[in-house]
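Student:
Protein chains: 2
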Amino acid sequence: MKAPAFRRIEPDARRLALIEACARVLARAGAAGVSVRAIAVEAGVSPGLVSHYFPGIEALVAATYAHVEATVAETLDRAVEAAGPEPRARLDAFVTTTFAPTIADPQLLSTWIAFWSLVTARPAIAAQHDEQYAGSRARLEALLGACGMPESERRRAAIAVSALLDGLWLELCLSPGCFSAEEAGAIARRFLDTLIS
Amino acid sequence: MKAPAFRRIEPDARRLALIEACARVLARAGAAGVSVRAIAVEAGVSPGLVSHYFPGIEALVAATYAHVEATVAETLDRAVEAAGPEPRARLDAFVTTTFAPTIADPQLLSTWIAFWSLVTARPAIAAQHDEQYAGSRARLEALLGACGMPESERRRAAIAVSALLDGLWLELCLSPGCFSAEEAGAIARRFLDTLIS
DNA sequence: CCCGTTGTTGTACGATCGTCCAACAAGCTT
DNA sequence: AAGCTTGTTGGACGATCGTACAACAACGGG
């Protein structure tokens, strides 16, 4: 009559648990502190299990980035839906939520940095980045189109807005004291004013 | 009659040589491939010398970032000077040069990423980032002021332009095929049009 | 209840990491 | 030419890394 030494769970659930553990390690220790053992401890499993589910740390980091990015995108979508039917209000909600504490978080940035550090050297990861960036831009294009922007201008406008948001988000994470989330939101919304009018 | 086993050079020159070697290693192997030994081989010295000049890899990466950032800033300043006296032409030169091949270079990005990965965890490096970012923004504010922008608007405008340039530059390095340097320059210059008019 | 499947463990292995320091030698001074 | 300063070497050290693999045990089907 003793407690089981471990629990068996289905592969997909285990994969997700490892991904979430990796995200926590990245948030706590940064890109340099991520390792098979640290993730295993965080997930409460043995080190060997990490290698069993992922061919290497890089694959796990890539999967973690994909998962966190999807979570962020879901948060943004939810905020857009909550903003109601007015197109411009939806766009503003997208912008404001981008700088909300849960997203403009230095700990979240470390996941991006760990992923970015792999993009240049690994073609497969570069392809993943291209794909996720295209998806993010497509959502932005849809929001801009709903505001009446002609299709011929949407591509460039989405690239511009995406870059502005990324740049503000990045600096907000790296130097939180330099300017506030409200200021970042105001800058971005003002930029949208000039784009849409 | 045999060649000397090594050359003694003055500490400042050796420090610079190590910094340049670190930059080359970062460009070639990325943030994950940087190590004391790799840098020592690249600089043609023994591993012990790296530790002798820098308290650790992190300090060397920080010094390398400072050096590369200064080089980039100098390139931008030179381009601005070469653009002549017209304020708007100087601003355009700043923007265009930001996306020139020597600056919007994936290999250069790895230096930034290696540095960024240290910002969150190390307060001293966060302070260095704040300082260098403030300097970069001050240069931008001066260029905007010369174009007739009132001082009360310069801060926000510089933050906005800096973020847009950073975001475009980042994406240009990560996904070179998505849009061109010319397109990035056109987007940025168009943004400046709306700001200055 | 037992048995087979397979998710999981835990360790051993070689490689590589950053750090350290005593010994060496290059080059200036005398 | 000899001595001295000090930049430089190069290996030793313990820690940690990713990987691999044989043994184990949890859990469902019989």
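As you go down the protein sequences, you meet chains A and B in turn. Quick note on numbering: the first sequence equals residues 6 to 202 in the working numbering. Quick note on numbering: the second sequence equals residues 6 to 202 in the working numbering. In this text, a Cβ means the ideal position worked out from N, Cα and C, and glycines have one as well. This structure is a prediction, so every number in the text was calculated from the model and none was measured.
Closest by CA to Gly35 of chain A, which one among A:Ile118, A:Leu175 and A:Ala191?
Tutor: Taking the first residue of the first sequence as position 1, residue 35 of chain A is located at position 30. Among A:Ile118, A:Leu175 and A:Ala191, the Cα nearest to that of Gly35 of chain A is on A:Ile118.
Student: With DSSP collapsed to three states, give me the class of Arg127 of chain B.
Tutor: Taking the second sequence and counting its residues from 1, one reaches residue 127 of chain B at position 122. Note: Arg127 of chain B maps to coil in three-state DSSP.
Student: Against Phe184 of chain B, what residues of chain A qualify as contacts under a CB-to-CB distance less than 9 Å, listed in chain order?
Tutor: As a working note, residue 184 of chain B is residue 179 in the second sequence. Ordered by position in chain A, the residues that pass the 9 Å Cβ test against Phe184 of chain B are Arg160, Arg161 and Ile164.
Student: According to DSSP, is Thr107 of chain B helix, strand or coil?
Tutor: Locating residue 107 of chain B in the second sequence gives position 102, where the first residue counts as 1. Thr107 of chain B falls in the coil class under three-state DSSP.
Student: So with CB distances below 8 Å, who are the chain B contacts of Ala36 of chain A?
Tutor: Working through the first sequence from its first residue, we reach residue 36 of chain A at position 31. Simply Ala36 and Ser122.
Student: Does the region 167 to 183 of chain B come into contact with the region 171 to 181 of chain A, if we say contact requires no fewer than three beta-carbon pairs (one atom in each stretch) closer than 8 Å?
Tutor: In short, these stretches touch, since the Cβ pair count reaches three.
Student: Output, in chain order, the set of chain B residues within a Cβ distance shorter than 9 Å of Pro111 of chain A.
Tutor: What you label residue 111 of chain A is simply residue 106 of the first sequence in a count that begins at 1. Those are Val124 and Thr125, listed as they occur along chain B.
Student: Where does Phe196 of chain B sit, in a helix, a strand or coil, going by DSSP?
Tutor: On the second sequence, residue 196 of chain B is found 191 positions in, with the first residue counted as 1. If DSSP states are grouped into helix, strand and coil, Phe196 of chain B belongs with the helices.
Student: Tell me which residues of the region 19 to 47 of chain A have at least one Cβ-Cβ distance to chain B shorter than 7 Å, keeping chain order.
Tutor: Gly35, Ala36 and Ala37
Student: Which residues of chain A have a Cβ atom closer than 8 Å to the Cβ of His57 of chain B, listed in chain order?
Tutor: Taking the second sequence and counting its residues from 1, the one referred to as residue 57 of chain B is at position 52. Correct list: empty, because the minimum Cβ distance to chain A is about 23 Å.
Student: Using the beta-carbon of each residue, which ones in chain A are nearer than 8 Å to Ser167 of chain B?
Tutor: Numbered from 1 along the second sequence, position 162 holds the residue referred to as residue 167 of chain B. The answer, in chain order, is Gly172 and Glu176.
Student: Which term fits Leu65 of chain B, buried or exposed, when burial requires 16 or more other beta carbons within 10 angstroms of its beta carbon?
Tutor: Sequence index remark: in the second sequence, residue 65 of chain B carries index 60 (1-based). Classification of Leu65 of chain B: buried, given that the 10 Å Cβ count is 16 or more.
Student: Could you run through the region 123 to 149 of chain A and flag, in chain order, every residue whose CB is less than 9 Å away from some CB of chain B?
Tutor: Listed by position along the chain: Leu123, Val124, Thr125, Ala126, Ala131, His134, Asp135, Tyr138, Ala139 and Arg142.
Student: At the 7 Å Cβ level, is Ile62 of chain B part of the contact set with chain A, yes or no?
Tutor: Counting from one through the second sequence, the residue named residue 62 of chain B turns up at place 57. The beta-carbon of Ile62 of chain B is placed no less than 7 Å from the nearest beta-carbon of chain A.
Student: Whole-angstrom Cβ separation of Ile179 of chain A and Val124 of chain B, contact assumed at under 8 Å?
Tutor: Locating residue 179 of chain A in the first sequence gives position 174, counting from the first residue. Locating residue 124 of chain B in the second sequence gives position 119, counting from the first residue. According to the sequence provided, residue 179 of chain A is Leu. The question's Ile does not apply to it. Their Cβ separation, rounded to whole angstroms, is 5 Å, which keeps Leu179 of chain A and Val124 of chain B in contact under 8 Å.
Student: Would you report the Cα separation of Thr199 of chain A and Ala162 of chain A, rounded to the nearest angstrom?
Tutor: As a position in the first sequence, residue 199 of chain A is number 194, starting the count at 1. As a position in the first sequence, residue 162 of chain A is number 157, starting the count at 1. Whole-angstrom Cα-Cα distance: 11 Å.
Student: Taking Cβ to Cβ, would you say Ala48 of chain B is nearer than 7 Å to Ala26 of chain B?
Tutor: Looking up residue 48 of chain B in the second sequence gives position 43. Looking up residue 26 of chain B in the second sequence gives position 21. Closer than 7 Å, so yes.
Student: In chain order, what residues of the same chain lie with their CB nearer than 8 Å to the CB of Ser122 of chain A, ignoring the 5 residues before and after it?
Tutor: Here residue 122 of chain A is taken as the residue at index 117 of the first sequence, counted from 1. So the qualifying residues of the chain are Ala36.
Student: Are the Cβ atoms of Arg194 of chain A and Val100 of chain A separated by less than 7 Å?
Tutor: By 1-based counting over the first sequence, the position of residue 194 of chain A is 189. By 1-based counting over the first sequence, the position of residue 100 of chain A is 95. At a Cβ-Cβ threshold of 7 Å, Arg194 of chain A and Val100 of chain A count as neighbours.
Student: How many whole angstroms separate the CB atoms of Glu176 of chain A and Tyr138 of chain B, which I take to be in contact at a CB cut-off of 8 Å?
Tutor: Position 171 of the first sequence, counting from 1, holds the residue named residue 176 of chain A. Position 133 of the second sequence, counting from 1, holds the residue named residue 138 of chain B. Contact flag correct, Cβ pair sits at about 7 Å.
Student: Quick one, which of A:Ala68, A:His72 and A:Thr103 has its alpha-carbon nearest Arg83 of chain A's?
Tutor: Numbered from 1 along the first sequence, position 78 holds the residue referred to as residue 83 of chain A. The shortest C-alpha separation from Arg83 of chain A is found at A:Thr103.
Student: Do you know offhand how far Phe184 of chain A's Cα is from Cys152 of chain A's?
Tutor: Counting from 1 along the first sequence, the entry for residue 184 of chain A is found at position 179. Counting from 1 along the first sequence, the entry for residue 152 of chain A is found at position 147. So the two alpha carbons sit approximately 28 Å from each other.
Student: Could you tell me whether the Cβ of Leu81 of chain A comes closer than 7 Å to any Cβ of chain B?
Tutor: Taking the first residue of the first sequence as position 1, residue 81 of chain A is located at position 76. Closer than 7 Å: no.
Student: In chain order, what residues of the same chain have a beta carbon less than 8 Å from the beta carbon of Leu148 of chain A, not counting five sequence neighbours either side?
Tutor: To locate residue 148 of chain A, count along the first sequence from 1; it is residue 143. Excluding positions up to five away in sequence, the list reads Val85, Pro92, Arg95, Leu96 and Phe99.
Student: With a threshold of 8 Å on Cβ separation, who are the neighbours of Glu63 of chain A within its own chain once the five nearest residues in sequence on each side are excluded?
Tutor: Taking the first sequence and counting its residues from 1, one reaches residue 63 of chain A at position 58. For Glu63 of chain A, where only same-chain residues beyond five positions count, the Cβ hits under 8 Å are Leu123, Arg127 and Ile130.
Student: Using a C-beta cutoff of 7 Å, does Thr199 of chain A count as contacting chain B?
Tutor: Residue numbering aside, residue 199 of chain A sits at position 194 when the first sequence is read from its first letter. Output row for Thr199 of chain A: interface = yes.
Student: Would Ala143 of chain B be called buried (16 or more neighbouring beta carbons within 10 Å of its own) or exposed?
Tutor: Counting from 1 along the second sequence, the entry for residue 143 of chain B is found at position 138. The residue in question, Ala143 of chain B, is exposed, as its Cβ has fewer than 16 Cβ neighbours within 10 Å.
Student: When the distance is taken between beta carbons, is Ile108 of chain B closer than 7 Å to Ala68 of chain B?
Tutor: Against the second sequence, residue 68 of chain B aligns to sequence position 63. Against the second sequence, residue 108 of chain B aligns to sequence position 103. Not closer than 7 Å, so no.
Student: Among B:Glu156, B:Arg20 and B:Pro106, whose alpha-carbon lies nearest the alpha-carbon of Glu187 of chain B?
Tutor: As a position in the second sequence, residue 187 of chain B is number 182, starting the count at 1. Checking every option, the nearest Cα to that of Glu187 of chain B belongs to B:Pro106.
Student: For Ile108 of chain B, return the contacting residues in chain A, with the cut-off set at a CB-CB distance below 7 Å.
Tutor: For the purposes of this step, residue 108 of chain B is taken as the residue at position 103 of the second sequence. Residues of chain A passing the Cβ test: none, with the nearest at roughly 15 Å.
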